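Q:
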Amino acid sequence: MTPTVTLTPRGVERAKSGHLWIYRSDLAEIQAAAGDIVQVIGPRGRPVGAAFYSDRSQIALRLVTHTGHADEALWRQRLERAIRFRESLAIDATAYRLVHGEGDLLPSLVVDRYGDYVVLQTLSQATDRLMPEWVRALNALIAPAGILARNDARVRTLEGLEPKVEVVSGHVPERLEAREGRVRYEVDLFTGQKTGLFLDQRENREAAARHAHGRLLDCFSYHGGFALALAPHCTDTIAIESSEDAARHIRENAARNGLAERIEVRVANVFDELRGLERLGESFDTIVLDPPAFAKNKAALPNARAGYKEINLRALKLLRPGGTLITCSCSYNVSEAMFAEIVYDAAVDARAHVTVVEKRMQGRDHPVLLGVPETYYLKCFILRKLP
Ligand code: SAH
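Counting in the working numbering, the sequence shown runs from 226 upward without gaps.
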């Protein structure tokens with residue numbers, strides 16, 4: 226018998242709204258096991274679609290189709306469309322996202338390309354169980370030299386899935402070089418954050434480079450993403466990063482790009498360092514703020530707000546008149562409007578008139594699905610402090 230889940234009337238409404246997630250509280254009856262692909266029906270047996278079922282997560286269902294069959298042919302078609310869309314973007318980089326989960330109608334599946342290699346994450350019970358099918362399809366569609374499953378993401382624990390990092394096809398080197406525009410990075414596919422790089426910021430780094438000038442301060446630098454892209458347009462650069470290991474990567478990447486002389490790397494806490502720079506009377510023409518998600522959940526919002534405000538306030542004070550602030554938030558729980566308000570509050574306290582040069586988001590290879598607000602997480606404002 227086909228595994229089947231019956232929704233409550235509220236669950237049916239939710240499905241109709243275009244959201245792909247249905248919470249456990251909206252299920253009326255469950256005849257399914259962990260990781261099943263289930264038929265979803267309404268209270269009177271009307272078909273709603275097909276979904277991935279999880280017996281652990283609060284997100285009990287992830288809808289994959291409202292009509293038709295959810296089978297290997299459908300995955301193949303969705304993967305192919307996702308890949309063709311990236312081709313249409315003519316991305317000037319060897320590393321980019323091929324599949325952005327819900328944004329590509331492949332809920333809880335992430336696939337990133339790093340040159341000849343592919344890194345994937347199966348973030349729910351169902352996509353995890355389908356691993357052989359993803360591998361088959363990716364080999365058929367793009368024939369990578371190797372596929373690595375970077376399944377050590379923390380969200381997997383909500384699904385009761387083990388953290389696991391394993392080569393699931395071909396061979397994958399410990400380290401490789403990736404290129405973004407003119408910048409070359411060394412990437413550790415097995416241990417780097419996310420799948421190795423913060424690919425979602427690629428287009429924002431490009432955009433920021435167009436406005437960067439003078440003295441640059443890159444805060445929360447990781448492997449030097451913004452510093453490396455912006456340094457050629459600036460006179461000198463300071464990159465701040467709290468992780469010693471990440472800081473080592475910034476130095477190596479700077480050398481790799483012939484920028485070793487121009488980028489000073491400081492291992493420090495950004496909050497302390499901004500205060501210290503202010504005390505010393507330092508100033509900058511371009512400042513980047515790209516912190517980790519301060520609000521991982523709703524409960525963390527008040528502290529997150531305070532954190533975002535503090536760094537933006539300090540940065541605006543350190544910024545010279547006519548300077549550029551590139552400020553980001555990757556917390557889904559901080560909406561674009563909320564983030565704009567926080568930055569505005571900071572500007573008021575810094576007694577600065579600030580204009581918006583560009584309002585940006587995650588790169589186009591990380592598509593936002595209208596109806597699933599969770600797919601819009603990264604906000605990036607490029608601002609100008611008026612002289
Ligand atoms: N800007 C980077 C990505 C930043 S990810 C890019 O374009 O690739 C956020 C980084 O901030 C991580 O490397 C993390 O180690 C660092 N970090 C987190 N909290 C910090 C703090 N308080 N001070 C300095 N760095 C911090």
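Note that the Cβ used here is the ideal one computed from N, Cα and C, for glycine as well. No experiment lies behind these values; they were computed from the predicted model shown.
1. Hey, is the stretch 449 to 460 in contact with the stretch 477 to 485, meaning 3+ C-beta pairs nearer than 8 Å?
2. Shortest alpha-carbon distance to Gln350 belongs to which of Val336, Asp337, Pro332 and Leu366?
3. Determine, using beta-carbon pairs with one atom in the stretch 281 to 296 and one in the stretch 567 to 574, whether at least three such pairs fall under 8 Å.
4. CA-CA distance, Gln426 and Gly501?
5. In terms of DSSP beta bridges, what is Ala403 paired with?
6. When you compare each of Thr580, Glu507, Val513 and Ala493 to Ala437 by their alpha carbons, which one comes out closest?
7. Is Glu466 near the ligand SAH, with its Cβ less than 7 Å from a heavy atom?
8. Can you give me the C-alpha to C-alpha distance between Val230 and Gln264, rounded to a whole angstrom?
9. Over what stretch of residues does the alpha helix (DSSP H) that includes Val343 continue unbroken?
10. On the three-state DSSP scale, how would you describe Ser560?
11. Is any heavy atom in the ligand SAH found nearer than 7 Å to the beta carbon of Asn494?
12. In chain order, which continuous runs of the beta strand (DSSP E) of length 3 or greater are located wholly inside the stretch 497 to 536?
13. How would you label Glu405, buried or exposed, when you count the other beta carbons within 10 angstroms and need 16 or more for buried?
14. Determine, using beta-carbon pairs with one atom in the stretch 431 to 446 and one in the stretch 521 to 528, whether at least three such pairs fall under 8 Å.
15. Shortest alpha-carbon distance to Glu305 belongs to which of Lys389, Leu363 and Gly270?
16. DSSP three-state call for Arg491: helix, strand or coil?
17. Can you tell which of Val273, Leu355 and Leu348 has its C-alpha closest to the C-alpha of Ala298?
18. Could you name the residues of the same chain whose beta carbon sits closer than 7 Å to that of Ala472, not counting the 5 residues immediately before and after it, in chain order?
19. Can you find a heavy atom of the ligand SAH that lies under 7 Å from the Cβ of Ala540?
20. Whose CA, out of Ala540, Ala315 and Thr420, lies closest to the CA of Gly506?
21. Just to confirm the assignment, what range does the alpha helix (DSSP H) spanning Ile475 have?
22. Which stretch, first to last residue, makes up the beta strand (DSSP E) that contains Met586?
23. Between Phe445 and the ligand SAH, is there a pair consisting of the residue's CB and a ligand heavy atom that are separated by less than 7 Å?
A: So, from the data block:
1. Counting Cβ pairs under 8 Å, three or more are found: they touch.
2. It is Pro332.
3. The stretch 281 to 296 vs the stretch 567 to 574: no contact.
4. Rounded to the nearest whole angstrom, the CA to CA distance from Gln426 to Gly501 is 28 Å.
5. According to DSSP, which records beta bridges pairwise, Ala403 is partnered with Tyr410.
6. Nearest option by C-alpha distance: Val513.
7. For the ligand SAH, at least one heavy atom lies less than 7 Å from the Cβ of Glu466.
8. Going by the C-alpha atoms only, they are around 6 Å apart.
9. Counting along the chain, Val343 falls outside any alpha helix (DSSP H), though it belongs to the beta strand (DSSP E) covering Tyr342 to Thr347.
10. Three-state DSSP puts Ser560 in coil, outside helix and strand.
11. With a threshold of 7 Å, the Cβ atom of Asn494 counts as near the ligand SAH, since some heavy atom of the ligand is closer than that.
12. The stretch 497 to 536 contains, as complete beta strand (DSSP E) runs of 3+ residues, the segments 509 to 514 (chain order).
13. That one is buried.
14. No: the two stretches stay apart, fewer than three of their Cβ pairs being nearer than 8 Å.
15. Comparing Cα-Cα distances from Glu305 to each of Lys389, Leu363 and Gly270, the minimum goes to Leu363.
16. If DSSP states are grouped into helix, strand and coil, Arg491 belongs with the strands.
17. If we check each option's Cα against that of Ala298, Leu355 comes out closest.
18. Excluding sequence positions up to five before and after Ala472, its CB lies within less than 7 Å of the CB of Glu466, Val490 and Val492, all in the same chain and listed in chain order.
19. Not so, every heavy atom of the ligand SAH lies at least 7 Å from the Cβ.
20. Proximity to Gly506 across Ala540, Ala315 and Thr420 peaks at Ala540, based on C-alpha coordinates.
21. It spans Glu469 to Arg481 - the alpha helix (DSSP H) in which Ile475 sits, taken as one unbroken run.
22. Counting along the chain, the beta strand (DSSP E) containing Met586 begins and ends at Val579 to Met586.
23. Answer for Phe445: yes, Cβ within range of the ligand SAH.
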